[in-house]
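Heads up: the sequence shown is residues 1 to 449, going by the UniProt record's numbering.
Glycine included, C-beta positions come from ideal geometry on N, C-alpha and C.
In this text the structure is predicted, and so the values were computed from the model without any measurement.
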Amino acid sequence: MLFRIVSFLFFQALGAALGWWLGQLPGALLAAILGAWCWFVVDVWRGNKVVGWLRHGDADSAPQLMGMWGEAADRARRLVRQLQKNEAQSDDRLHQVLTAIQASPNGVVLLDEHSHIEWCNQTACDHFGFNLERDHMQVITNLVRAPEFIGYFNANNFSKDVVMVSPVMRAASPMRMSVQMFPYGGNRKLLLSRDVTSLELADAMRRDFVANVSHEIRTPLTVLTGFIETLQTLPLSAEERTQYLALMSNQAHRMQGLVVDLLTLSRLEGNPPPSLNEWVSVGSLLKRCEEDAHGLARMIAKDGDKPLQLFFPQEDADAGHYELAGAGNELQSALSNLVNNAVRYTPAGGEIRVQFTRQPDGSGRVSVTDTGPGIAPEHIPRLTERFYRLDRSRSRDTGGTGLGLAIVKHVLQRHGAQLQIRSTIGKGSEFSVVFPPSRVRKQLTEELV
Ligand code: ADP
1 MLFRIVSFLF FQALGAALGW WLGQLPGALL AAILGAWCWF VVDVWRGNKV
51 VGWLRHGDAD SAPQLMGMWG EAADRARRLV RQLQKNEAQS DDRLHQVLTA
101 IQASPNGVVL LDEHSHIEWC NQTACDHFGF NLERDHMQVI TNLVRAPEFI
151 GYFNANNFSK DVVMVSPVMR AASPMRMSVQ MFPYGGNRKL LLSRDVTSLE
201 LADAMRRDFV ANVSHEIRTP LTVLTGFIET LQTLPLSAEE RTQYLALMSN
251 QAHRMQGLVV DLLTLSRLEG NPPPSLNEWV SVGSLLKRCE EDAHGLARMI
301 AKDGDKPLQL FFPQEDADAG HYELAGAGNE LQSALSNLVN NAVRYTPAGG
351 EIRVQFTRQP DGSGRVSVTD TGPGIAPEHI PRLTERFYRL DRSRSRDTGG
401 TGLGLAIVKH VLQRHGAQLQ IRSTIGKGSE FSVVFPPSRV RKQLTEELV
């Protein structure tokens, strides 16, 4: 302000001095007024420079002026710089928020007041088949035409989600997704989508499993209660009683077998992974399988049947020299299951051969080959599903629960091993287990020799 007053007085004084020199007092008065006008013109020119810069210029090209206009330009420049800094910071924050939303496993779509798509993340594009460039500001109901979604949208009640099939075609089964809207900021909406295919699958599997277990338990229970009622109500001979009690014991054992297998499965699911430092001899595992197989074969053989021929590795074969890393009881249960299945499904007089070989890549292979009925190729991928059975009556008659191969699969998964099944209808089957090299070693005592 001081500069303004001083410069104004200076212009007048300079005019007055020049006027005095040219025409004494009247000249001085006239020139002082002229000086004031000159100052005014210069001031307007300076103010105009600042206004011009404010209209078009950027913060860096602010005019360098003195006095009030200079200060105004300087303050405006600082204000603009601060605003630009704030804007850059909010842009940065917005970018970070959008990047975080991009990383979300859920689909996120932002809709404006008229349900136009303002923005969506890549997951939403994958779920709904959107292309943000093409579909930006399109009305969502024009793009998502699934009747469930249209009904949900029109009902305008977004307290729950809606489950629909994704319009995106996939090679695997179609994706099921849960979609929910969340109104915000007046009439805007946030739409979230979530892939629930595996959740629904797990739910269906759980329901099937409960239904299967109930069914498996109900059948022997019905038989048992029937016999109990008969024993209670009918006067039976001692011979009949013995016969009925034997049948009852059979059903009770069947239930017991089922419960044992169910407990084994749940233990396998809950247990920590088997150690890599515990070693079991392949020879002793197969020896135990051999004893079990002979016992089972005797138990299920009918009078007059030709006996099964069982071939197990000799003491000096590979099996006697190698060890496997893992939980001994689990490995025993898996291998025994495969051998017992071969015994149970191979008709009288058939042949069962069990072998262990160390393969060139260091892995170990236990194979169980039988001359049973064989399995059609379409059943093979499903054999390890719980309760999946081809020959129900043979399974039941020989004490099967339908869980044996499910247990085998679990045990092998935990040991990083693979189950390979080869079978030819009418000729027989081969169930092989391949253990990775890290879980196979020569017996230590031999290595030291
Ligand atoms: P189960 O208790 O019924 O034997 P598993 O899970 O052990 O249940 O086997 C599933 C099904 O696979 C069996 O019901 C049977 O139909 C078939 N299966 C298993 N092993 C053999 C085999 N060695 N030969 C023919 N079929 C087999």
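For L324, there is no enclosing alpha helix (DSSP H); the enclosing beta strand (DSSP E) has its first and last residue at Y322 to A325. DSSP, reduced to helix, strand and coil, places L111 within a strand of the structure shown.
The C-alpha of P167 lies about 10 Å from the C-alpha of R176. DSSP lists no beta-bridge partner residue for V42.
Between the alpha carbons of G295 and N271 lies a gap of roughly 30 Å. The ligand ADP never approaches I217 closely enough for any of its heavy atoms to be under 6 Å from the residue's Cβ. Our two residues, H114 and I101, have alpha carbons roughly 22 Å apart in a direct line. Where E71 is concerned, the enclosing alpha helix (DSSP H) starts and stops at G67 to A103. Beta-bridge partners of M181 (DSSP): L191. Under DSSP, E229 shares a beta bridge with no residue.
The beta-carbon separation of F435 and A417, rounded to 5 Å, stays under the 8 Å limit for a contact. Of the residues assessed, W21 falls on the exposed side of the cut-off, its CB having fewer than 16 other CB atoms within 10 angstroms.
With a cut-off of 6 Å, the C-beta of R389 is classified as near the ligand ADP, since at least one heavy atom of the ligand falls inside that distance.
Under the DSSP assignment, M299 falls in the alpha helix (DSSP H) whose first and last residues are V282 to I300. Beta-bridge partners of W279 (DSSP): A325. With a 10 Å radius around the Cβ and a threshold of 16 neighbouring Cβ atoms, G186 comes out exposed. In this structure, the beta-carbon distance from T371 to G428 falls below 7 Å.
The DSSP-derived three-state label of L310 is strand. Secondary structure at R4: helix, using DSSP grouped into helix, strand and coil. Not a single unbroken stretch of the alpha helix (DSSP H) spanning 4 or more residues falls wholly within the region 191-222. As the crow flies, the alpha-carbon of W45 is around 18 Å from that of A76. Rounded to whole angstroms, the Cβ separation of W53 and A73 is 7 Å, and the two are in contact under 8 Å.
Taken from the Cβ of N341, at least one heavy atom of the ligand ADP lies inside 6 Å. With fewer than 16 other Cβ atoms from the protein chains shown falling within 10 Å of its own Cβ, M169 counts as exposed. Under a 10 Å Cβ-count criterion, G15 is classified as buried, with 16 or more other Cβ atoms of the shown protein chains found around its own Cβ. Going by beta carbons, F158 and V144 fall outside the 7 Å limit. One alpha carbon belongs to L2, the other to F10, and they sit about 12 Å apart. Here S423 is buried: its Cβ has 16 or more other Cβ atoms, across all protein chains shown, within 10 Å.
Collapsing the DSSP output to three states places D135 in a helix. The region 245-253 makes no contact with the region 299-309: fewer than 3 CB pairs, one atom from each, lie closer than 8 Å. Distances taken from the Cβ of T230 to the heavy atoms of the ligand ADP include none shorter than 6 Å.
Three or more Cβ pairs drawn from the region 133-150 and the region 109-125 lie within less than 8 Å of each other, which places the two stretches in contact. The straight-line gap separating the alpha-carbon atoms of A342 and T369 is approximately 7 Å.
Relative to the ligand ADP, I375 has its C-beta within less than 6 Å of a heavy atom.
For V339, the closest of Q251, A293 and Q84 by C-alpha to C-alpha distance is A293.
Look at G52 here: in three-state DSSP terms it is helix.
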